[in-house]
């Protein structure tokens, strides 16, 4: 199965989208540091999942 069709790929992007929504809310309230940490965590998680998925497909 190709990475683009996998459930993990879709879940990773849903996770990133949720964190981005939370980050926007935090910035709106002036909590820049928490927003930055959230964005970094979301991106890191997505990259981790996509790499794991790529290894599984190989």
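Residue numbers (this note's numbering): -18 to 39. All C-beta atoms, glycine included, are put in the ideal place defined by N, C-alpha and C.
Nonlocal neighbours in the same chain, by C-beta distance under 6 Å from residue i, ignoring five residues either side
i, result
"residue 8", "16"
"residue 0", "19 and 23"
Residue from the options whose Cα sits closest to the Cα of residue i
i, options, result
"residue 22", "-9, 3 and 11", "3"
"residue 28", "-7, -13 and 18", "-7"
Between the CA atoms of residue j and residue i - distance to the nearest angstrom
i, j, result
"residue -4", "residue 32", "15 Å"
"residue 18", "residue -11", "23 Å"
"residue 24", "residue -13", "18 Å"
"residue 30", "residue -9", "10 Å"
Assigned secondary structure, residue i (DSSP; H/G/I helix, E/B strand, else coil)
i, result
"residue -13", "coil"
"residue 11", "coil"
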